[in-house]
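Trainee: Just passing along the structure, written as structure tokens.
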Amino acid sequence: METTRRGGRARTRRGFGALLSVVVVAIALAVQIGGVAAQTRLSIATGGTGGVYYPYGGGLANILSDSIDGIEVTAEVTAASVDNMLLIESGDADMAFVLGDTAFDAVSGNAPFEAPIEAYALATLYDNYTHVVTTDDAGINGVADLRGKRVSTGAPGSGTEVIANRMLEAAGLNPETDIEREQLGAAESAAAIKDRRLDAFFWSGGLPTGAVTDLGATPNIALKLVGNADLTDGLSERYGDFYTTATIPGGTYPGQDEAVDVVVVPNLLVVGAEFDEQLAYDVIRVMLENQPELVTVHPEARNLTLENASQNSPIPFHPGAIRFFEEMGVTPNASPEASPAASPPA
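0 is the number of the first residue of the sequence shown in numbering that gives the first Met the number 0; add one for each residue after it.
Shown next, in the form of structure tokens:
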């Protein structure tokens, strides 16, 4: 009986040891798998739902998830450029759509950023057109005519807000005191115009922007876009060469029959300093390989070409992007010269 009990105990110990080994291995695998999953979930900071960043970013997230093994990418709604650079800095976003002037300010440590943010461009995507949107009956023919008007300068933390403030100052207006200021995104601004709660709004976005299209198609609303190209030279002299002029063609929006010359700024896909070099290489490769599919998401993807993607970034390109461009036979061109006034204080 004693022998049997010892044998039983021995068998029990051996069984328990085997079970314990299985449990330890299972826990280790669970931890390992969990760690990999956390590393391969990537986010793209975009913008509001009424603009271009969000649909473009959503389409890009789907393509990257389907085309690069081991990663899952999601597009996040944000306040856009300024907010997006802060998300890159904090590590809460892996990639971000950012206006070129905002990206330059972030990397340089200019206001509204408290210190330089180490970030790099993967690609120049397309130009943002500075819309000053109003209606025919508002009596607004130039930015200076916004004095005393109810004006949205964009959502707080957006690149639109940055350029709206700069344009108002260039036109001789104080953004804080010379307008009745609202801070709304594109969709909210368009709704406020419809409800007659707003006279005009700034919007920096691609063509066409859904919220502006919706406004132009609204019955009893006579959409008007205000030209602002007369401010380009002043902006470039004060802030940097990334401000240029382009034309919103007539017919871009319902009721907008005439072409309008406006200030434009390049848009970038930005990543932080820790972004993996091979992944950076693969992201730009997949984007260009799947450009026709991106065009079905938003027409601005028509501007995503090898030549355009590798040029005119106000901040340095990421080493992975540089390697890709050079292998494709293109020399990337970044960091257009900025004026001393745009440089961070010594």
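Note that the Cβ used here is the ideal one computed from N, Cα and C, for glycine as well.
(1) Is it the case that the Cβ atoms of T77 and L63 are separated by a distance below 9 angstroms?
(2) How is A333 classed by DSSP in three states: helix, strand or coil?
(3) Just to confirm, are F103 and G239 a CB contact at a threshold of 9 angstroms?
(4) DSSP on N127, reduced to helix/strand/coil?
(5) For R165, does the count of other Cβ atoms within 10 angstroms reach 16, so buried, or fall short, so exposed?
(6) Once you ignore the five residues that flank E75 on each side, which residues in its own chain have a CB closer than 6 angstroms to its CB?
(7) Under 6 angstroms Cβ to Cβ from E326, same chain only, skipping five residues before and after it: list those, please.
(8) When you compare each of L214, G50, N127 to A245 by their alpha carbons, which one comes out closest?
(9) Would you say the segment 227-238 touches the segment 300-309, given that touching needs at least three Cβ pairs under 8 angstroms?
(10) If you reduce the DSSP assignment to three classes, tell me which class S89 lands in.
(11) Report the partner residues of I43 according to the DSSP bridge assignment.
(12) Can you have a look at G249 and say buried or exposed, based on whether 16 or more other CB atoms are within 10 angstroms of its CB?
(13) With 16 as the cutoff for other CB atoms within 10 Å, does Q277 come out buried or exposed?
(14) Opposite P265 in the DSSP bridges: which residues?
(15) At the level of alpha carbons, what is the spacing between A36 and E160?
(16) From the DSSP output, in three-state form, read off T246 for me.
(17) Is K148 helix, strand or coil when you go by DSSP?
(18) Below 9 angstroms between beta carbons: does that hold for P313 and P265?
(19) Rounded to whole angstroms, what is the Cα-Cα separation between H297 and Q310?
Mentor: On the basis of the data shown:
(1) no
(2) strand
(3) yes
(4) strand
(5) buried
(6) S42, A44
(7) none
(8) N127
(9) The segment 227-238 makes no contact with the segment 300-309; the number of CB pairs closer than 8 angstroms stays below 3.
(10) helix
(11) A74, M94
(12) exposed
(13) exposed
(14) D126
(15) Unreliable placement is indicated for A36, whose pLDDT of 45 sits below 50; the coordinate value is still reported in the next sentence. One C-alpha to the other measures close to 36 angstroms.
(16) DSSP places T246 within a strand segment (E or B) once states are collapsed to three.
(17) coil
(18) Their beta carbons are under 9 angstroms apart, which means P313 touches P265 by this criterion.
(19) 21 angstroms
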